[in-house]
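Just so we're aligned, residue 1 is where the sequence shown starts under UniProt numbering, counting upward by one.
Idealized CB from N, CA, C, for every residue including glycine.
In this text, all values refer to a predicted model and were calculated from it rather than measured experimentally.
This report concerns only the one structure given below.
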Amino acid sequence: MASQTSVIIVGAAGNIGSCITHHLLASGSNQFKVSALTRASSRSVFPEGVTPIRTDYTPASLVAAFTSQDIVISTISTSSLGDQMAIAKAAIQAGVKRFLPAELGMDTSSDHCLQIAPCTFLKKDIIKYLQQNEDKISWTGVFCGLWIDFSLTNPDWPWWDIKNKSFTVFDDGNTPFETSTIDNAARAVVSTVLPEHFDRTRNEFIHVHSAVYTPNQLLRYLKKYTNTTDADWKIKHEKIGEMAARGQKAFQEEATSGAPPEVFTKSQKFQGAIINMISAGLMGNGCVNQFGEKTGYWMERFGLKEEDPEQIVRDVVVGA
Ligand SMILES: NC(=O)c1ccc[n+]([C@@H]2O[C@H](COP(=O)([O-])OP(=O)(O)OC[C@H]3O[C@@H](n4cnc5c(N)ncnc54)[C@H](OP(=O)(O)O)[C@@H]3O)[C@@H](O)[C@H]2O)c1
Numbered sequence: 001m002a003s004q005t006s007v008i009i010v011g012a013a014g015n016i017g018s019c020i021t022h023h024l025l026a027s028g029s030n031q032f033k034v035s036a037l038t039r040a041s042s043r044s045v046f047p048e049g050v051t052p053i054r055t056d057y058t059p060a061s062l063v064a065a066f067t068s069q070d071i072v073i074s075t076i077s078t079s080s081l082g083d084q085m086a087i088a089k090a091a092i093q094a095g096v097k098r099f100l101p102a103e104l105g106m107d108t109s110s111d112h113c114l115q116i117a118p119c120t121f122l123k124k125d126i127i128k129y130l131q132q133n134e135d136k137i138s139w140t141g142v143f144c145g146l147w148i149d150f151s152l153t154n155p156d157w158p159w160w161d162i163k164n165k166s167f168t169v170f171d172d173g174n175t176p177f178e179t180s181t182i183d184n185a186a187r188a189v190v191s192t193v194l195p196e197h198f199d200r201t202r203n204e205f206i207h208v209h210s211a212v213y214t215p216n217q218l219l220r221y222l223k224k225y226t227n228t229t230d231a232d233w234k235i236k237h238e239k240i241g242e243m244a245a246r247g248q249k250a251f252q253e254e255a256t257s258g259a260p261p262e263v264f265t266k267s268q269k270f271q272g273a274i275i276n277m278i279s280a281g282l283m284g285n286g287c288v289n290q291f292g293e294k295t296g297y298w299m300e301r302f303g304l305k306e307e308d309p310e311q312i313v314r315d316v317v318v319g320a
């Protein structure tokens, strides 16, 4: 690659895109020329040093945006994953060298994932397409589990709410699940494109994490650092198998509606189905969010450290 690598981020002002942008800009020696693909209608604001490139997501505008880019990092919103195939196709047409699709959650590389959360076809189809085109482009898929700090502070994760003291316990509360802080996940993404790792991360799935929790353990830390007891919390219970089944039913109804994926995947019902299926997966359904020993290899190479699960919760609660 040229001495300065051109990287364009889809969603550079988003929850994780902003953090990835920060770490790219901070990676030193001016090695990355950073651009942001942003919708014509967007109000996103980008930091100094980032060149915004507007798009209407038509193939022609995507190809124009990606021309002369070495790397495309997609952190497009979950609600717009149906647009990712157009992004991948344009990246290939524009001659991009590396594409990082928006994975960044549970391990969608297992076939099992499609059974328990059929909505993951949105992610699996992209990887399959990239694999079929490895003579034209390379790819890297990063799995990092649930964004733990985000889940404790953002209403997009509807199961836990520190402010209103509500908490959902899944099954018996003892199933472990993988998590990353957004910062650690963003560092992992940026590590994959650093010159020293670029060849090794070609066409690879990469597992990283910050800490493993169970729901019961997480609730214990929350009570400790909010100085509360069970009596102060509205504790709800969900069975992950039932949540997944609810999501799968709604998914089937939408997927057989006759509308194309880029349309039906944006419906409110489909988005609700995604929340149920993905939340169940992230909480242990099908073991697609239990990475076991897979994190060690890449974390060691990237110099990423495990984080103290209790410290993460304390930092979130104190900073909330
Ligand atoms: N592991 C987890 O816990 C977890 C949680 C959430 C998401 N994720 C994964 O991470 C990816 C990125 O999620 P995120 O939460 O960082 O994304 P986000 O902040 O919700 O959105 C990122 C960007 O997507 C762009 N976008 C394009 N079309 C859009 C549309 N129709 N509506 C809204 N935004 C649109 C926007 O950029 P412009 O406004 O600049 O166009 C937006 O800033 C997701 O695709 C998902 O795979 C993982």
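The three-state secondary structure of Y213, taken from DSSP, is strand. At least one heavy atom of ligand 1 sits closer than 6 angstroms to the Cβ of N15.
The beta strand (DSSP E) runs of length 3 or more contained entirely in the region 93-122 are, from start to end of the chain, 98-100. P176 sits in coil when the DSSP states are folded into three classes, being neither helix nor strand.
Put simply, the backbone Cα of I116 is about 32 angstroms away from that of I71.
The three-state reading of DSSP puts E238 in strand, counting E and B together.
Unbroken alpha helix (DSSP H) runs of no fewer than 4 residues, entirely contained in the region 22-94, are found at 59-66, 84-93, following chain order. Taking non-hydrogen atoms of ligand 1 into account, the C-beta of W298 is found less than 6 angstroms away from none of them. Q84 and T229 have their C-alpha atoms spaced approximately 44 angstroms apart.
Between the C-alpha atoms of F143 and E103 there is a straight-line separation of about 6 angstroms.
Remark: the shortest separation between the CB of A186 and any heavy atom of ligand 1 does not fall under 6 angstroms. The C-beta distance from A91 to F121 rounds to 20 angstroms, too long to meet the 8 angstroms contact threshold. DSSP places V142 in the uninterrupted beta strand (DSSP E) bounded by 138-143. For D232, same chain residues with a beta-carbon under 6 angstroms away, outside a window of 5 residues either side, are K165 in chain order. Within the region 243-319, the alpha helix (DSSP H) runs of at least 4 residues that lie entirely inside it are, in chain order, 261-264, 268-282, 295-302, 309-319.
Taking C-alpha positions only, T75 is separated from V189 by approximately 11 angstroms. Secondary structure note for V189: its alpha helix (DSSP H) is the uninterrupted segment 182-193.
For I278, the Cβ stays outside the 6 angstroms cut-off from all heavy atoms of ligand 1. The three-state secondary structure of D199, taken from DSSP, is coil. A Cβ-Cβ separation of about 14 angstroms leaves T214 out of contact with I312 under the 8 angstroms criterion. Using a C-beta cut-off of 8 angstroms, the region 263-273 makes no contact with the region 166-180, since fewer than three inter-stretch Cβ pairs fall below that distance. Distances from the alpha-carbon of G241 to those of L219, A250, D171, T5 put D171 closest. Residue burial is scored here from C-beta neighbours: V10 has at least 16 other C-beta atoms within 10 angstroms and is therefore classed as buried. Distances taken from the Cβ of G11 to the heavy atoms of ligand 1 include one shorter than 6 angstroms. The beta carbon of V45 sits closer than 8 angstroms to those of A13, all from its chain and outside the five residues before and after it, given in chain order.
At least one heavy atom of ligand 1 sits closer than 6 angstroms to the Cβ of W147. Across the set E134, S110, P195, the C-alpha of S110 shows the shortest separation from the C-alpha of K124. Looking at the backbone, the Cα of R98 and that of G292 are separated by about 27 angstroms. Counting along the chain, the unbroken beta strand (DSSP E) around I8 starts and ends at 5-10. Inter-residue distance for S41 and K234 is about 39 angstroms (C-alpha atoms, whole angstroms).
For I76, the shortest C-beta to heavy atom distance toward ligand 1 is below 6 angstroms.
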